[in-house]
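J.: So the sequence lines, in the order shown, correspond to chains P and U.
Heads up, the first sequence is in my numbering, so the first residue is 3 and it goes up one at a time.
Heads up, the second sequence is in my numbering, so the first residue is 38 and it goes up one at a time.
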Amino acid sequence: MPLGRLGALLLLAPSFALLALVFLGPILWFLWASLGELGSLAEILDEIGAVLGARAVLGAIANTNWIALIVTLLVLLIGYPVAFALARARGAAFTLILVCIVLPYFTSIIVRTYAWMVLLGRNGLINQGLAALGLPPADLLYNRAGVIIGMTYVLLPYMVLTLYAAMKAVDPRLMQAAEGMGATRLQVFLKVFLPLTLHGVAAGALIVFILGIGFFITPALMGGPRDITIAMLIEREIELTQNWPVAAMMTLVLLGVTLVLYAVYARFAEQARGAW
Amino acid sequence: MVTPLHAGLRGAAMALLCAGLLAPIAIVVIVSFSGDGYLRFPPESFSLRWYMRFLGDPRWRAALGNSLAIAAMASLLSTLLGFLAAYALVRGGLRAKRAIVSLLLMPLIVPHVITAIAVYFLSARYGLIGIKPWIAVTHSVVALPVVLVILQSALQTVDPNLERAAMVCGCTRWGVFRRVVLPLALPGAVSGALFSFLTSFDELMISLFLAGVRSETLPVRIWNSLLLEVEPTIAAVSSVLIAATVLALLADWLLRRLRAAR
Numbered sequence: 003m004p005l006g007r008l009g010a011l012l013l014l015a016p017s018f019a020l021l022a023l024v025f026l027g028p029i030l031w032f033l034w035a036s037l038g039e040l041g042s043l044a045e046i047l048d049e050i051g052a053v054l055g056a057r058a059v060l061g062a063i064a065n066t067n068w069i070a071l072i073v074t075l076l077v078l079l080i081g082y083p084v085a086f087a088l089a090r091a092r093g094a095a096f097t098l099i100l101v102c103i104v105l106p107y108f109t110s111i112i113v114r115t116y117a118w119m120v121l122l123g124r125n126g127l128i129n130q131g132l133a134a135l136g137l138p139p140a141d142l143l144y145n146r147a148g149v150i151i152g153m154t155y156v157l158l159p160y161m162v163l164t165l166y167a168a169m170k171a172v173d174p175r176l177m178q179a180a181e182g183m184g185a186t187r188l189q190v191f192l193k194v195f196l197p198l199t200l201h202g203v204a205a206g207a208l209i210v211f212i213l214g215i216g217f218f219i220t221p222a223l224m225g226g227p228r229d230i231t232i233a234m235l236i237e238r239e240i241e242l243t244q245n246w247p248v249a250a251m252m253t254l255v256l257l258g259v260t261l262v263l264y265a266v267y268a269r270f271a272e273q274a275r276g277a278w
Numbered sequence: 038m039v040t041p042l043h044a045g046l047r048g049a050a051m052a053l054l055c056a057g058l059l060a061p062i063a064i065v066v067i068v069s070f071s072g073d074g075y076l077r078f079p080p081e082s083f084s085l086r087w088y089m090r091f092l093g094d095p096r097w098r099a100a101l102g103n104s105l106a107i108a109a110m111a112s113l114l115s116t117l118l119g120f121l122a123a124y125a126l127v128r129g130g131l132r133a134k135r136a137i138v139s140l141l142l143m144p145l146i147v148p149h150v151i152t153a154i155a156v157y158f159l160s161a162r163y164g165l166i167g168i169k170p171w172i173a174v175t176h177s178v179v180a181l182p183v184v185l186v187i188l189q190s191a192l193q194t195v196d197p198n199l200e201r202a203a204m205v206c207g208c209t210r211w212g213v214f215r216r217v218v219l220p221l222a223l224p225g226a227v228s229g230a231l232f233s234f235l236t237s238f239d240e241l242m243i244s245l246f247l248a249g250v251r252s253e254t255l256p257v258r259i260w261n262s263l264l265l266e267v268e269p270t271i272a273a274v275s276s277v278l279i280a281a282t283v284l285a286l287l288a289d290w291l292l293r294r295l296r297a298a299r
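1. Between the alpha carbons of P:A265 and P:A204, how many angstroms are there, rounded?
2. Determine, using beta carbons only, whether U:A122 comes closer than 8 Å to chain P.
3. In whole angstroms, what is the alpha-carbon distance linking U:G102 and U:T254?
4. Rounded to the nearest angstrom, what separates U:P79 and P:G214 at their Cα positions?
5. Grab me the residues of P:L256's own chain with a C-beta within less than 6 Å of its C-beta, minus the 5 sequence neighbours each way, in chain order.
6. Curious, which full-length alpha helix (DSSP H) runs of at least 4 residues does the stretch 107-189 of chain U contain?
7. Name, please, each residue of chain U whose Cβ falls closer than 8 Å to the Cβ of P:R114.
8. Using beta carbons (cut-off 8 Å, strictly below), is U:V283 in contact with chain P?
9. Along the chain, where does the alpha helix (DSSP H) that runs through P:E49 open and close?
10. When you compare the CB positions of P:P28 and U:L118, do they come within less than 8 Å of one another, or not?
11. Within 8 Å (strictly less), CB to CB, does P:A277 reach chain U?
12. So who's on the other strand from U:F83, going by DSSP bridges?
13. Check distances from the C-beta atoms of the stretch 217-247 of chain P to those of chain U and list, in chain order, the residues that come in under 8 Å.
14. Measuring only the C-alpha atoms, how far is P:L14 from U:P182?
15. Starting from the Cα of P:A70, find the closest Cα among P:L198, P:A117, P:L158 and give me that residue.
16. Using the three-state DSSP reduction, which class does P:Y264 fall into: helix, strand or coil?
17. Residue range of the alpha helix (DSSP H) that U:S262 falls in?
18. If I measure Cβ to Cβ from P:V84 and keep anything under 6 Å in the same chain, skipping five residues before and after, which residues do I get?
19. Suppose you measure from the CA of U:Q193 to the CA of U:R293; what does that come to, to the nearest Å?
20. Does the pairing of the stretch 152-162 of chain U with the stretch 234-250 of chain U give three or more beta-carbon distances under 8 Å?
21. Would DSSP call U:N198 helix, strand or coil?
22. Taking U:W171 as the reference, give the member of U:A285, U:S233, U:A106 with the closest Cα.
23. Return no unless some Cβ of chain P is closer than 8 Å to the Cβ of U:C208.
24. Using a 10 Å radius around the Cβ and a threshold of 16 neighbouring Cβ atoms, would you call P:C102 buried or exposed?
25. Determine, using beta carbons only, whether U:R77 and P:Q130 come nearer to each other than 8 Å.
26. Where does P:F217 sit, in a helix, a strand or coil, going by DSSP?
27. Is U:R294 helix, strand or coil by DSSP?
28. Rounded to whole angstroms, how far is the Cβ of U:F91 from the Cβ of U:A273, which I believe are closer than 8 Å?
29. So, does the CB of P:A205 fall closer than 8 Å to a CB anywhere in chain U?
30. Could you name the residues of the same chain whose beta carbon sits closer than 8 Å to that of P:G81, not counting the 5 residues immediately before and after it, in chain order?
31. Would DSSP call U:Y88 helix, strand or coil?
32. Please classify P:N65 as buried or exposed, where buried requires at least 16 neighbouring CB atoms within 10 angstroms.
33. Can you find a heavy atom of the ligand ZN that lies under 7 Å from the Cβ of U:M204?
34. Could you give the distance in angstroms between the alpha-carbon of U:L142 and the alpha-carbon of U:A180?
35. Assuming the contact rule is C-beta atoms closer than 8 Å, U:G129 and P:L5 should be a hit. Round their C-beta distance to whole Å, please.
36. Please say whether P:M224 and P:Y107 have beta carbons closer to each other than 8 Å?
Have a look at this one:
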């Protein structure tokens, strides 16, 4: 039953109102009011240059990108085989693999982070195991390694589910045809399957990187003093010093980068659609 | 060639990897039943002492109550709005559909820190910190995309010809909605309600800024105590959150089976 444009817009209106009230409106107002305190546009740009040029902020930007990049690579490395297995599995095996991905995916991020803190801590389960084997303890928490392990675990499901969609969209007859013409299994994978799933790889890597640069909870709990990210710096400016203008500048940068990357992601996701 | 040995090895590697994904969560649940004074795996003895401590502490109990109340309100609001929006998107024939969907999904992409401090900026000015219905409204904006995705796919399976037929037979537009669309899309709506409940129940970032002292939620309380130490009570609380996730997934799976059987 066609609804008519007016009817459709009327039904969408409450959702738009919610978005305007507690999302778009506050973000724009916060940026506008906080940056407006600084004076004219030229003064704002000057100030942004000064703030972003500060050593602590540059360090945080470098940390954020570096951590997000490493995590993206690790997630891709682990996620590709898992998604491959999921795409080929049938029946009980499929359900089993799916549960192993979906259950963590829907578990609270703070619970997943806590789980790794239990495992990685100084007296954590991994170090208890190492001690039982007579090995020296490993420093895995409150440093870069902890942040990367925790974030890799939290972001893995996004990659697997994106890759799975791309892999499901590949026509299996293409691989049969390649095999029929004498290609080895490795050749089939490298020349047919991998190229056909590359847009999924790009979409998955982008979504993980986007979520990675905005991450707060895991790096804040599992990182050390040298693992400050942009999101943590923004939170600190508000929580500790109530320095709204500086927080607004960093927000502007993080928001800008996120939206640009999201626009690129949308292009890749377009191609990956179909299996969903 | 795939030899049985190869396939076996690959299967074993896969099983190991999957077990690894589930292990951290499973270990938290096992440790939560520990009777030991500190976190040790495997526990030497089992007891419910950490659950007793969780439920015996008025602050943890209050946090549980706050979380349930806020999640229930957020789930109701976002499911209602999401249902209307999804119906408009599926049946409206809007040309700007793709742009509207990306706009409505934006709260999932924009870092939650940004949403949280922007909402805090607004709430602090109008004395809205710690007001539970308001926290539920702010959670709804993050839960709405979840509902939208679920209900869009659920409504797509409803045949528009059924609605046309009802119209031809003299049903009003409201009657069609109530007697045809709603019953057919109900399983999807229940899924949407479940997952939006879960989204709000697990939400930390916005709550951290808006909860104040009055409306501390479970994740906020976990956060606050994790900043001090990694204590076993949190394992018990975490297990409660994990149980909520498992229940929601099971209920959703049952709903899907019911829908498939019809």
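We put the beta carbon where it would ideally sit given N, CA and C, even for glycine.
T.: Concretely, from the data shown:
1. Within the first sequence, the letter at position 263 stands for residue 265 of chain P. Within the first sequence, the letter at position 202 stands for residue 204 of chain P. For P:A265 and P:A204, the distance between alpha carbons rounds to 13 Å.
2. Here residue 122 of chain U is taken as the residue at index 85 of the second sequence, counted from 1. Closer than 8 Å: yes.
3. The residue given as residue 102 of chain U occupies position 65 in the second sequence. The residue given as residue 254 of chain U occupies position 217 in the second sequence. Going by the C-alpha atoms only, they are around 8 Å apart.
4. By 1-based counting over the second sequence, the position of residue 79 of chain U is 42. By 1-based counting over the first sequence, the position of residue 214 of chain P is 212. Going from the Cα of U:P79 to the Cα of P:G214 covers about 33 Å.
5. What you label residue 256 of chain P is simply residue 254 of the first sequence in a count that begins at 1. For P:L256, where only same-chain residues beyond five positions count, the Cβ hits under 6 Å are I232.
6. Secondary structure within the stretch 107-189 of chain U: the alpha helix (DSSP H) runs of 4 or more consecutive residues, fully enclosed, are 134-146, 149-162 (chain order).
7. For the purposes of this step, residue 114 of chain P is identified with residue 112 of the first sequence, where counting begins at 1. What P:R114 touches in chain U: P61, I62.
8. Taking the second sequence and counting its residues from 1, the one referred to as residue 283 of chain U is at position 246. U:V283 counts as touching chain P.
9. As a first step, residue 49 of chain P is located in the first sequence; it is residue number 47 there, counting from the start. Looking at the DSSP string, the run of the alpha helix (DSSP H) that includes P:E49 is 43-55.
10. Start at 1 with the first residue of the first sequence, and residue 28 of chain P comes out as number 26. Start at 1 with the first residue of the second sequence, and residue 118 of chain U comes out as number 81. In this structure, U:L118 does not lie closer than 8 Å to P:P28 by Cβ.
11. Indexing the first sequence from 1 puts residue 277 of chain P at position 275. For P:A277, the pLDDT reaches just 38, beneath the cut-off of 50, and the residue's location in the model is therefore unreliable, leaving the point undetermined.
12. Here residue 83 of chain U is taken as the residue at index 46 of the second sequence, counted from 1. For U:F83, which the question treats as bridged, DSSP gives the partners U:S71.
13. F217, F218, I219, L223, A233, I236, E237, I240, W246
14. Working through the first sequence from its first residue, we reach residue 14 of chain P at position 12. Working through the second sequence from its first residue, we reach residue 182 of chain U at position 145. Going by the C-alpha atoms only, they are around 13 Å apart.
15. In the first sequence, the residue the question calls residue 70 of chain P occupies position 68. The option with the nearest alpha carbon to P:A70 is P:L158.
16. Taking the first sequence and counting its residues from 1, the one referred to as residue 264 of chain P is at position 262. Here DSSP, grouped into helix, strand and coil, assigns P:Y264 to helix.
17. As a first step, residue 262 of chain U is located in the second sequence; it is residue number 225 there, counting from the start. First-last of the alpha helix (DSSP H) with U:S262: 255-265.
18. Taking the first sequence and counting its residues from 1, one reaches residue 84 of chain P at position 82. Result list for P:V84: V162, in chain order.
19. For the purposes of this step, residue 193 of chain U is taken as the residue at position 156 of the second sequence. For the purposes of this step, residue 293 of chain U is taken as the residue at position 256 of the second sequence. Between U:Q193 and U:R293, the C-alpha separation is close to 15 Å.
20. yes
21. As a first step, residue 198 of chain U must be located in the second sequence, where it is residue number 161. U:N198: helix per DSSP, three-state reduction.
22. Sequence index remark: in the second sequence, residue 171 of chain U carries index 134 (1-based). Answer by Cα proximity: U:A106.
23. Within the second sequence, residue 208 of chain U is the residue found at index 171, counting from 1. Closer than 8 Å: no.
24. Position 100 of the first sequence holds residue 102 of chain P. Classification for P:C102: buried.
25. Counting from 1 along the second sequence, the entry for residue 77 of chain U is found at position 40. Counting from 1 along the first sequence, the entry for residue 130 of chain P is found at position 128. In this structure, P:Q130 lies closer than 8 Å to U:R77 by Cβ.
26. Here residue 217 of chain P corresponds to residue number 215 of the first sequence, with the count starting at 1. The answer is coil: DSSP assigns P:F217 none of H, G, I, E or B.
27. Against the second sequence, residue 294 of chain U aligns to sequence position 257. U:R294 falls in the helix class under three-state DSSP.
28. What you label residue 91 of chain U is simply residue 54 of the second sequence in a count that begins at 1. What you label residue 273 of chain U is simply residue 236 of the second sequence in a count that begins at 1. Contact flag correct, Cβ pair sits at about 5 Å.
29. Stepping through the first sequence from its first residue, residue 205 of chain P is reached at position 203. Cβ-Cβ to chain U under 8 Å: no for P:A205.
30. Residue mapping note: residue 81 of chain P aligns to position 79 of the first sequence, counting from 1. Result list for P:G81: L158, M161, V162, L165, G206, in chain order.
31. Here the question's residue 88 of chain U lines up with position 51 in the second sequence. Per DSSP, reduced to three states, the secondary structure at U:Y88 is helical.
32. The sequence position of residue 65 of chain P within the first sequence is 63, counting from 1. Classification for P:N65: buried.
33. You won't find the ligand ZN in this model; it holds no ligand whatsoever.
34. For the purposes of this step, residue 142 of chain U is identified with residue 105 of the second sequence, where counting begins at 1. For the purposes of this step, residue 180 of chain U is identified with residue 143 of the second sequence, where counting begins at 1. Rounded to the nearest angstrom, the gap between the Cα atoms of U:L142 and U:A180 is 10 Å.
35. The residue you call residue 129 of chain U lines up with position 92 of the second sequence. The residue you call residue 5 of chain P lines up with position 3 of the first sequence. Yes, they are in contact, since the Cβ atoms of U:G129 and P:L5 sit about 5 Å apart, within 8 Å.
36. Position 105 of the first sequence, counted from the first residue, corresponds to residue 107 of chain P. Position 222 of the first sequence, counted from the first residue, corresponds to residue 224 of chain P. At least 8 Å separates the beta-carbon of P:Y107 from that of P:M224.
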